[in-house]
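One structure below.
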Amino acid sequence: MTEPKSEFLREAKARGFVHQITDEAALDARLGCGTPQVAYIGFDATADSLHAGSLVQIMLLRLFQRTGHRPLVLMGGGTTKIGDPSGKDTARKLLTEADIAANIVGIRRIFDKFLVFGPAQALSADNAEWLDTLAYIPLLRDVGRHFSVNRMLTMDSVKTRLERDQPLSFLEFNYMVLQSYDFVELAKRYGVALQMGGSDQWGNIVMGAELGRRMAGLDLFGLTTPLLTTASGGKMGKTADGAVWLNKERLSPFQYYQYWRNTEDADVTRFLKLFTDLPLGEIAKLEKLAGAEINEAKKILAFEATKLCHGGDAATQAAETARQTFEQGGSSEGLPTVAVPQAELAAGIPILDLLVRANLATSKSEARRLVQGKGAKLNDAIVEDDTLRVTETALSQDGTLKLTAGKKRHALVKLG
RNA sequence: GGAGGGGUGGCCGAGCGGUCAAUGGCAGCAGACUGUAAAUCUGCCCUCUCCGGAGUUCGAAGGUUCGAAUCCUUCCCCCUCCA
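Its first residue numbered 367, the first sequence is counted upward by one per residue in this note's numbering.
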């Protein structure tokens with residue numbers, strides 16, 4: 367099948383969201399039948415925010431809604447207590463219920479930016495609702511009998527652990543059973559027909575679809591997204607400073623903008639398709655840019671991606687901060703800022719301490735190396751002396767001073 | 001319960017009585033070159049330092065020794081096989 371009839375599949379394929387589909391022709395027919403369908407993706411509540419690694423999934427749900435269907439966000443309030451072994455060598459730490467509840471709140475806030483919830487709109491659910499009250503014996507009899515351990519042992523998530531001689535607890539081994547059960551439960555409760563997820567979820571998704579057929583004669587479909595890496599092989603959503611978080615408390619809109627602005631040339635088109643709503647025709651035009659002009663495409667990518675995640679105003683401001691900082695060599699209040707008491711500054715603060723306090727270095731040793739490597743700048747002048755004490759004289763007329771580490775990491779210091 | 005193997009810096013992985021803050025690879029940081037890109041080259045990559053050094057590391061706790069990541073004891077954890 368080359369050209370799907372349904373808008374969702376056509377767009378999803380053209381934009382690079384699709385890796386595998388269980389029964390493409392039948393799914394296409396279902397999506398194109400004129401009635402909005404419900405599709406879900408599950409998110410485990412392991413942190414109080416999601417990071418860019420989940421963005422493909424989020425954008426896929428967004429696309430699903432844009433093409434006239436109803437996305438359902440499943441919070442893994444129940445499954446998080448188990449821990450998905452997929453793609454991991456060791457078991458996760460077990461989280462407390464309070465942690466999980468708080469994490470769900472944080473994650474839910476992110477989805478409010480990307481999806482429109484409401485009657486006839488996007489849905490959300492929490493699998494704790496049905497998993498918490500499951501009784502062991504009935505579960506084994508109703509669900510367990512449909513699972514073959516032989517088959518489970520061939521699942522990638524299990525197999526790799528075994529092959530690498532890494533432990534896999536019985537707890538984790540049950541994760542796929544519960545995820546499969548979720549699919550069936552959601553089909554019954556919300557009429558969900560399709561589960562989507564990362565390619566590492568393929569096994570779990572297929573098992574869920576099968577379980578639905580065996581338990582209730584349901585026709586369920588699965589779709590996975592490709593595993594995203596940068597052109598040079600790095601993991602998406604990771605930088606030196608850690609994950610690229612989607613909430614502004616963990617990563618400012620400016621830093622988020624910068625993450626996308628620094629995309630490698632080879633990734634720009636691919637990312638525009640995945641992480642913005644720009645029509646494919648427009649992206650095709652941007653794709654023709656070459657050489658230094660690619661920077662224009664990167665600015666659009668950064669702006670659009672930031673707009674989706676943090677809103678138009680924040681995106682405009684981040685773009686402006688970036689422009690002032692990088693293109694005019696000035697400083698701008700949009701940069702990360704640290705406040706320093708006046709008395710301390712009057713007495714003089716060692717440059718090394720200041721770099722650490724501005725989060726440009728994690729220890730004084732690291733700060734010292736930075737200075738010795740000529741990577742530290744104070745008000746755009748290279749710091750030559752690592753014993754330098756910074757005083758009020760370094761403040762510019764607007765009452766701030768600018769610290770730079772390397773070419774891209776900037777921070778402002780102000781009195782406070 | 002029995003037998004054997006193993007736990008080393010963010011990860012992988014050497015070392016198996018001194019010359020070990022610990023080879024190497026990956027990841028990361030900075031500099032040069034550039035386009036806030038990639039590739040390449042160079043330096044760095046436990047903490048503190050009055051740059052002479054100092055202090056903490058090799059699952060945990062004891063011990064042997066002038067001296068231990070390296071040997072011994074106990075404990076914890078993991079893997080494999082047997083029951």
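We put the beta carbon where it would ideally sit given N, CA and C, even for glycine.
Computed from a prediction, not measured in an experiment: that's the story for all the values here.
Reducing DSSP to helix, strand and coil, say where A724 ends up. coil
Count the other C-beta atoms from every protein chain shown that fall within 10 angstroms of the C-beta of V550, then say buried if there are 16 or more, exposed otherwise. buried
Close-in-space but distant-in-sequence residues of the same chain around S490 (CB under 6 Å, 5 per side omitted): V439
May I ask you to report which of helix, strand or coil DSSP gives D679? helix
Backbone CA spacing between Q690 and V779 [nearest angstrom]: 17 Å
Nonlocal neighbours in the same chain, by C-beta distance under 8 Å from R381, ignoring five residues either side: L429, K639, L640, L646
Taking the alpha helix (DSSP H) that G335 falls in, what are its first and last residues? Past the boundaries of the shown model lies residue 335; the chain is included only from 367 to 782, so the question cannot be answered.
Alpha-carbon spacing of M441 relative to L674, whole angstroms: 21 Å
Closest residue to N725 among E662, R511, L617 (Cα-Cα distance): L617
Suppose you measure from the CA of A559 to the CA of V404; what does that come to, to the nearest Å? 6 Å
Name the DSSP bridge partner or partners of Q690? Q690 pairs with nothing; no bridge assigned.
Between S729 and V722, what straight-line distance do the alpha-carbon atoms span, to the nearest angstrom? 6 Å
Can you list, in chain order, the residues of its chain with a C-beta nearer than 8 Å to that of N493? Leave out the 5 residues immediately preceding and following it. G408, L440, M441, G442, G443, G444, T445, L544, D548, E551
Under three-state DSSP, which class holds F490? Per the sequence presented here, residue 490 reads as Ser, with Phe not at that position. It is a strand residue.
Distance, Cα to Cα, I666 vs Q487? 29 Å
Use the C-beta contact count for F374: other C-beta atoms within 10 angstroms, 16 or more gives buried, fewer gives exposed. buried
Under the rule that 16 or more other beta-carbon atoms within 10 Å means buried, what is K773, buried or exposed? exposed
Counterpart residues of T770 in DSSP-defined beta bridges: K743, H776
Do you know offhand how far D435's Cα is from T590's? The identity of residue 435 in the sequence shown is His, whereas the question assumes Asp. Cα-Cα distance, rounded: 18 Å.
Look at A712 and A771 and say whether their C-beta atoms are less than 8 Å apart. no
Pull up the distance between the alpha-carbon of Q624 and that of I503, whole angstroms please. 52 Å
Rounded to whole angstroms, what's the CA-CA distance from D566 to L754? Just pull it up for me. 51 Å
Bridge partner(s) assigned by DSSP for A405: P437, L560
Should K664 be labelled buried (16 or more other beta-carbon atoms within 10 Å of its own) or exposed? buried
Tell me the DSSP bridge mates of W496? In the DSSP output, where bridge partners are listed per residue, W496 has none listed.
Mark D643 as exposed unless 16 or more other C-beta atoms lie within 10 angstroms of its C-beta, in which case mark it buried. exposed
How do the stretch 582-589 and the stretch 386-395 stand: do at least 3 beta-carbon pairs fall below 8 Å, yes or no? yes
6 Å Cβ shell around L652 - same chain, five flanking residues per side excluded: A663
Boundaries of the beta strand (DSSP E) in which A411 is found, first to last residue: It is not in any beta strand (DSSP E) - A411 carries neither H nor E in the DSSP assignment.
Where does H385 sit, in a helix, a strand or coil, going by DSSP? coil
Is it buried or exposed for T635, if we count other Cβ within 10 angstroms and need 16 for buried? buried
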